[in-house]
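If you read the protein sequences in the order shown, they are chains L and Y.
If you're matching positions, the first sequence starts at 386 in my numbering and goes up one per residue.
If you're matching positions, the second sequence starts at 29 in my numbering and goes up one per residue.
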Amino acid sequence: MNVITKATVLILVLATAACTNPNRFGAGSGGAGAGADVGVNGAGAGGVGSVSDPSSPMFFNQTIGDRVLFVIDSSAISQEGRAILDGQAQWLLTNADYRAIIEGHADEQGTREYNLALGFRRANAVREYLVSRGVPSGRLEVTSYGKERPIEICSQESCYAQNRRAVTVLSFARIS
Amino acid sequence: MFYDMVSKSGDNRQYRPARGRPNRQSKAEMMKRVLTLLVALFLAGPVLAQGGPLRLTITDGVIEPITFAVPSFEAETPQAQQVAQDISRLVVADLAGTGLFREVPAAAFISQVSSFVQPIAFSDWRAVNAQALITGAVTARGDQLVVKFRVYDVFSGQEMGGGLQFAGTTAGWRRMGHKVADAVYSRITGEGGYFDSRVVFVSESGPKDNRQKRLAIMDQDGANLQFLTDSSTIVLAPRFSPNGDRVLYTSFESGFPRINVLNVASLGRQQLSTAPGEMAFSPRFSRDGQSVIYSLSNGGTTDIYRTDLATGQHLRLTQTPSIETAPSLSPNGDQIVFESDRSGTQQLYIMPANGGEARRISFGEGRYGTPVWSPRGDLIAFTKQNAGRFHIGVMRTDGSEERLLTSSFLDEGPTWAPNGRVIMFSRETQGAAGASALYSVDISGRNLKAVPIQGAASDPSWGPLQP
Chain L
386 MNVITKATVL
396 ILVLATAACT
406 NPNRFGAGSG
416 GAGAGADVGV
426 NGAGAGGVGS
436 VSDPSSPMFF
446 NQTIGDRVLF
456 VIDSSAISQE
466 GRAILDGQAQ
476 WLLTNADYRA
486 IIEGHADEQG
496 TREYNLALGF
506 RRANAVREYL
516 VSRGVPSGRL
526 EVTSYGKERP
536 IEICSQESCY
546 AQNRRAVTVL
556 SFARIS
Chain Y
29 MFYDMVSKSG
39 DNRQYRPARG
49 RPNRQSKAEM
59 MKRVLTLLVA
69 LFLAGPVLAQ
79 GGPLRLTITD
89 GVIEPITFAV
99 PSFEAETPQA
109 QQVAQDISRL
119 VVADLAGTGL
129 FREVPAAAFI
139 SQVSSFVQPI
149 AFSDWRAVNA
159 QALITGAVTA
169 RGDQLVVKFR
179 VYDVFSGQEM
189 GGGLQFAGTT
199 AGWRRMGHKV
209 ADAVYSRITG
219 EGGYFDSRVV
229 FVSESGPKDN
239 RQKRLAIMDQ
249 DGANLQFLTD
259 SSTIVLAPRF
269 SPNGDRVLYT
279 SFESGFPRIN
289 VLNVASLGRQ
299 QLSTAPGEMA
309 FSPRFSRDGQ
319 SVIYSLSNGG
329 TTDIYRTDLA
339 TGQHLRLTQT
349 PSIETAPSLS
359 PNGDQIVFES
369 DRSGTQQLYI
379 MPANGGEARR
389 ISFGEGRYGT
399 PVWSPRGDLI
409 AFTKQNAGRF
419 HIGVMRTDGS
429 EERLLTSSFL
439 DEGPTWAPNG
449 RVIMFSRETQ
459 GAAGASALYS
469 VDISGRNLKA
479 VPIQGAASDP
489 SWGPLQP
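Structure representation (structure tokens):
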């Protein structure tokens, strides 16, 4: 039984705290109040820069691939996923000014709570993989949207397969 | 609160000590001599054991609804005309909506009850097969409203309990109607009521891939809907405090799931502190409202914690690499039921409230999640997923007598009515145009119906009976 006493349990919610990463790029889910720089639906949102510029977020999102997919109930990273994450790790090591939030998602087959935990498990699996490839853990955060932000909306496996994903969302922040 | 009782003389000439059933002439004849005796006894003092007072026992079997009549309540002031009618209709709607009662429509009435104090012509109500009769009177002055009512067992010619009156404001007339209906329900079933209670839930709008969600609160029948938050961020799974003054919910306003405490009256919000890299969700209040049990995800695992709201002390209750979530305390606060996939799939477990060894209670086919302990302590409601379908079900606290109450493409998130007899839940339809709505169902599986709400809705949490 761990007892962790924290100095302050309750902190006031700041009305302005809409997003911790205002400078994020690409396909993040970013909550319901999607800002102009956030592509809520993911697939069509390429991020900024040019696909032909290897140091641009658009290159990361589209050429390398910003997401990996999972099978039902699993957070195991596939062979194909590892190839994408190897590319992501390389890019992050090259472009050290970027941080990333890894967003885990689940399909709609499951209860809300379980899917939140499952999405977190997926995001964390990606984070651990990227760290194992040398990306400093301090540049990677994880969150989960559970089944709250599907990108495909049919109720069939073809859509579910796209929704069971972990998306690496870049944000620009110089590490001090 | 008790309204002073008028003479209970009534019309006892055809008194029949039978359970509420249509009168049979021959029996009435046969019982004439007995009747004389009983009437004398009745006039002499309180009647003790009646042959069969009107009583509906809520069981799992098929129930023949009790028939009841509600003559429009008397308006004791001119201003009360409309509200007296409205309250009468609401009492009818509440009772009939349970499926346990069936209204005798006004068109069938032989006699009217024009005055609250006049003797009841029970024979006229027996003739239309009304087993229960509810009379009332309403006084409205300015914004003040007084409602008084009586409940009669028509076939015994007895009043059930004394008259009662409720005072309130004209704006709160629905609550007073619900209170009357609660009292009638209680007197006839012997159970607590649930009509004068509220539900907090998530109001949904927008397409499936960009759903807007905001917290809302309403009366349990869908009336008086108010929004508690805007839709600027995803909010999930609100949970009432035991006395209904606060609501816990999960918010994404920081980009990470965090738990907020919302004061229902002031709409002031506070956030449960969570360290960077942690996600907190699936909160519920302890029975004293002083602490929160919830899930915390850190480093890929999700465990159950309790935080004391006053001192900020965190206590970790589970320590496994698996997912532990959806904790719900027993009514006496000494045990927690929760879901875990430690066996490989989601199943239900019970552990002591301070953590410790957990025992699995779900063993049927499929996966079990979102367990919620009944306020009566006797049952646990849950979401079950099996063979591509979702169900709301109940089981005893040892896992026995599992009973599935619903079946659909996606049912989830049960919440108990304050009396532990009705469950509300979310039902989402299939496909790209799929939308969520709230439904309620009796623990017997009967009386499944949609809660009338404008727009889509999910994640209901049923609050306590209001004072």
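We put the CB at the ideal spot given by N, CA and C, even for glycine.
This structure is a prediction, so every number in the text was calculated from the model and none was measured.
- The alpha-carbon of residue 437 of chain Y is positioned some 23 angstroms away from that of residue 262 of chain Y.
- Residue 537 of chain L sits in coil when the DSSP states are folded into three classes, being neither helix nor strand.
- Neighbours of residue 431 of chain Y across chain L, judged by C-beta separation under 8 angstroms, do not exist; the nearest C-beta is about 19 angstroms away.
- Ranked by Cα distance from residue 378 of chain Y, the options Y:423, Y:152, Y:199 are led by Y:423.
- What residue 439 of chain Y touches in chain L, judged by beta-carbon distance under 9 angstroms, is nothing: the nearest beta carbon there is about 10 angstroms away.
- The beta-carbon separation of residue 161 of chain Y and residue 251 of chain Y, rounded to 26 angstroms, does not stay under the 8 angstroms limit for a contact.
- Annotation: residue 198 of chain Y to residue 276 of chain Y spans about 31 angstroms, alpha carbon to alpha carbon.
- Per DSSP, reduced to three states, the secondary structure at residue 214 of chain Y is helical.
- Neighbours of residue 232 of chain Y in chain L, taken as residues at a C-beta separation under 7 angstroms, are lacking, since the least C-beta distance is about 10 angstroms.
- Distance between residue 524 of chain L and residue 439 of chain Y, taken at the CA atoms: about 39 angstroms.
- Counting only runs of at least 3 residues, the region 494–552 of chain L fully encloses the following beta strand (DSSP E) elements, listed from N- to C-terminal order: 525–531.
- With a threshold of 8 angstroms between beta carbons, residue 487 of chain L makes no contact with chain Y.
- Counting the other CB atoms within 10 Å of its CB gives residue 360 of chain Y a total below 16, which places it among the exposed residues.
- Around the CB of residue 435 of chain Y, fewer than 16 other CB atoms lie within 10 Å, so the residue is classed as exposed.
- DSSP lists no bridge partner for residue 273 of chain Y.
- Within the model, the alpha-carbon separation for residue 219 of chain Y versus residue 447 of chain Y is close to 7 angstroms.
- Within chain Y, the residues placing a beta-carbon under 9 angstroms from that of residue 501 of chain L are 264, 278, 285, 307, 309, 310, 323, 325, 330, 353, ordered along the chain.
- Short of 7 angstroms from the beta carbon of residue 444 of chain Y, and not among the five residues preceding or following it, lie these beta carbons of its own chain, in chain order: 400, 402, 403, 409, 451, 490.
- Between residue 278 of chain Y and residue 270 of chain Y, the CB-CB gap reaches or exceeds 8 angstroms.
- For residue 538 of chain L, the C-beta contacts it makes with chain Y under 9 angstroms involve 235, 236, 237, 459, 460, 461, 462, in order along the chain.
- In this structure, residue 176 of chain Y sits away from residue 189 of chain Y, with a CB-CB distance that is not shorter than 8 angstroms.
- Just so you know, the alpha carbons of residue 546 of chain L and residue 459 of chain L end up roughly 12 angstroms apart.
- For residue 466 of chain L, the enclosing alpha helix (DSSP H) covers residues 464–479.
- CA-to-CA, the gap between residue 344 of chain Y and residue 528 of chain L works out to about 21 angstroms.
- Per DSSP, residue 123 of chain Y lies in no beta strand (DSSP E); the unbroken alpha helix (DSSP H) holding it starts and ends at 109–125.
- In the displayed model, residue 456 of chain L falls within coil according to three-state DSSP, outside both helix and strand.
- Put simply, the region 466–484 of chain L does not touch the region 532–545 of chain L. Fewer than three CB pairs are less than 8 angstroms apart.
- Rounded to whole angstroms, residue 340 of chain Y and residue 353 of chain Y show a C-alpha spacing of 21 angstroms.
- Assigned with DSSP and collapsed to three states, residue 373 of chain Y falls in coil, not helix or strand.
- Within the same chain, no Cβ atom closer than 6 angstroms to the Cβ of residue 121 of chain Y is found once the five residues on either side in sequence are excluded.
- Annotation: Cβ neighbours of residue 367 of chain Y in chain L (cutoff 9 angstroms, chain order): 496, 498, 499.
- Of the residues assessed, residue 382 of chain Y falls on the exposed side of the cut-off, its CB having fewer than 16 other CB atoms within 10 angstroms.
- The C-beta of residue 519 of chain L has fewer than 16 other C-beta atoms within 10 Å across all chains shown, which makes the residue exposed.
- A Cβ-Cβ separation of about 5 angstroms places residue 367 of chain Y in contact with residue 374 of chain Y under the 8 angstroms criterion.
- Scanning chain Y for C-beta atoms nearer than 7 angstroms to the C-beta of residue 509 of chain L yields 327, 328, reported in chain order.
- Look at the beta carbons and you see the region 296–310 of chain Y touching the region 323–334 of chain Y: at least three pairs across the two are nearer than 8 angstroms.
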